[in-house]
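Written out below as structure tokens is the structure these notes cover.
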């Protein structure tokens, strides 16, 4: 076990259900904050509570695998294609995130053509940058006005591109596209507020051509904040409910009665935990996708990375993480890749565990398109061990912030980068909206894309 051992969950019974998860949170916050007498004290010491234990031993990452997107061999390309064609790639789609910095609700449902005008975008960016941005500035950056792109949500674009690319792959290999698409298995993560709206939209799009029984869902639970009074920690029902970050997603997947499919009558049909485990056992690789990634909109299948993950999986590697460059003009928070000289290995550490290291100082950033070769093994490890549990104090209450990337401390992990390292392109703030419009316009004008959209909806 890694240097983070004392911060992880001690056993699988801890996360058997949400009640036991909450009990563990209360136990853990008591241990983490021993000697601190108030929420204010805890907030003042938050950076120290969360700090990565080996922060003084961090150096630049070493021996990073370098992928050449243009130089993928025909045999590697075929191996990656075959994984998809035979239905051995499990995809996980994170659609629970709120567009907090955008102030526009759940990102999945964001429909730029319908929801935004050039004027509104200019106002949003002006507030974000605290300078005046004109409508001309926005139009110059966007190239196309928002009304010139198709009026469909960001989430629909995400799934439609995935379906479209698999359809095109099947055609190129003389396979029946509908049969290949029907083999794909996936899990979509929703939040409590917008879950039904997203499910309704997915049904309206006829599951984007995917088989109803193979499209699984999980609603990420939100939790009240933890308060501290009379020397007792407790979940305060008067506090705002918040998600416990994306790490809680993988913890929740190991609990009972969390994953479901939608029956023909629209009702949720929960599957057994062991049945979900068996689905993962049949997969060669799992990829965790984020709805807001903008590169995805013009090419959802990364054959070079998939081939690399499949080859590494044969060497008992169980997690693959990509390193990209941070955007110097609009630096993003996230995982920082580094070499831990105490552990003698590369690690990925979340930003709020890096006391004193600012977003602008993070050169090697995780792209958040993690691969999990033979995913049943990482799932089992999380079930048995849990994840690191950092905290965050918001509005006077404590919330836990586990991160999915910390699986890299639990299983053998490899990092890779590209010969041409590019910054992340993601819709995370108003400043990214012009780029999103550009990418969506390119997506709309792919060969037969609009016809494919019409065929899916009808």
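Residue numbers (the numbering used here): -10 to 447. Backbone N, C-alpha and C fix where the C-beta goes; we use that ideal spot for every residue, glycine too. All values reported here derive from a predicted model rather than from experimental measurement.
Per DSSP, the continuous beta strand (DSSP E) segment holding residue 324 begins and ends at 324 to 329.
By DSSP's assignment, residue 54 forms a beta bridge with 405.
Between residue 312 and residue 53, the gap from beta carbon to beta carbon is short of 8 Å. Spatial neighbours of residue 14 in its own chain (CB-CB distance under 6 Å, excluding positions within 5 residues in sequence) are listed in chain order as 389. DSSP places residue 190 in the helix class (H, G or I) of the three-state scheme.
Where residue 423 is concerned, the enclosing alpha helix (DSSP H) starts and stops at 422 to 433. Annotation: the continuous beta strand (DSSP E) that includes residue 311 extends over 308 to 314. A residue is called buried when at least 16 other Cβ atoms come within 10 angstroms of its Cβ; residue 70 meets this threshold and is buried.
Under the three-state reduction of DSSP, residue 283 is assigned to coil, being neither helix nor strand. Within the DSSP bridge table, the entry for residue 257 names 251 as partners. In terms of Cα proximity to residue 103, the closest of 132, 228, 140 is 140.
Counting the other CB atoms within 10 Å of its CB gives residue 83 a total of 16 or more, which places it among the buried residues. For residue 19, the uninterrupted alpha helix (DSSP H) run begins and ends at 7 to 21, by DSSP.
Membership of residue 204 in the beta strand (DSSP E) is indicated by the continuous run 204 to 209. Per DSSP, the unbroken alpha helix (DSSP H) holding residue 438 starts and ends at 438 to 446. DSSP places residue 141 in the coil class of the three-state scheme, outside both helix and strand. Nearest Cα to residue 97 within the set 30, 122, 145: 145. By the Cβ neighbour-count rule, residue 252 is exposed, with fewer than 16 other Cβ atoms within 10 Å of its own.
If you look at residue 125, you'll find it isn't in any beta strand (DSSP E); it sits in the alpha helix (DSSP H) that goes 124 to 131. Assigned with DSSP and collapsed to three states, residue 382 falls in strand. Residue burial annotation: residue 444 is exposed, with fewer than 16 other C-beta atoms found within 10 angstroms of its C-beta. Apart from the 5 residues on each side of it in sequence, residue 65 sits with its Cβ closer than 6 Å to the Cβ of 296 in its chain, given in chain order. Rounded to whole angstroms, the Cβ separation of residue 386 and residue 215 is 6 Å, and the two are in contact under 8 Å.
Two segments are said to touch when three or more pairs of C-beta atoms, one from each, lie closer than 8 Å; by this definition the stretch 216 to 225 does not touch the stretch 256 to 273. The DSSP-derived three-state label of residue 31 is helix.
DSSP places residue 79 within a strand segment (E or B) once states are collapsed to three. Here residue 384 is exposed. Its C-beta has fewer than 16 other C-beta atoms within 10 Å. Exposed is the label assigned to residue 132, since fewer than 16 other Cβ atoms lie within 10 Å of its Cβ. When DSSP states are grouped into helix, strand and coil, residue 101 belongs to the helix group. Around the CB of residue 121, fewer than 16 other CB atoms lie within 10 Å, so the residue is classed as exposed. The beta-carbon distance between residue 79 and residue 269, rounded to whole angstroms, is 6 Å. This is short enough to meet the 8 Å contact definition.
Here the stretch 416 to 428 lies against the stretch 275 to 290, with 3 or more beta-carbon pairs under 8 Å apart. Rounded to whole angstroms, the gap between the alpha carbons of residue 285 and residue 150 is 8 Å.
In the DSSP assignment, the residues bridged to residue 415 are 282. Look at residue 346 here: in three-state DSSP terms it is coil, with no helix or strand label. Boundaries around residue 177 are those of the beta strand (DSSP E), 174 to 180, since no alpha helix (DSSP H) includes it.
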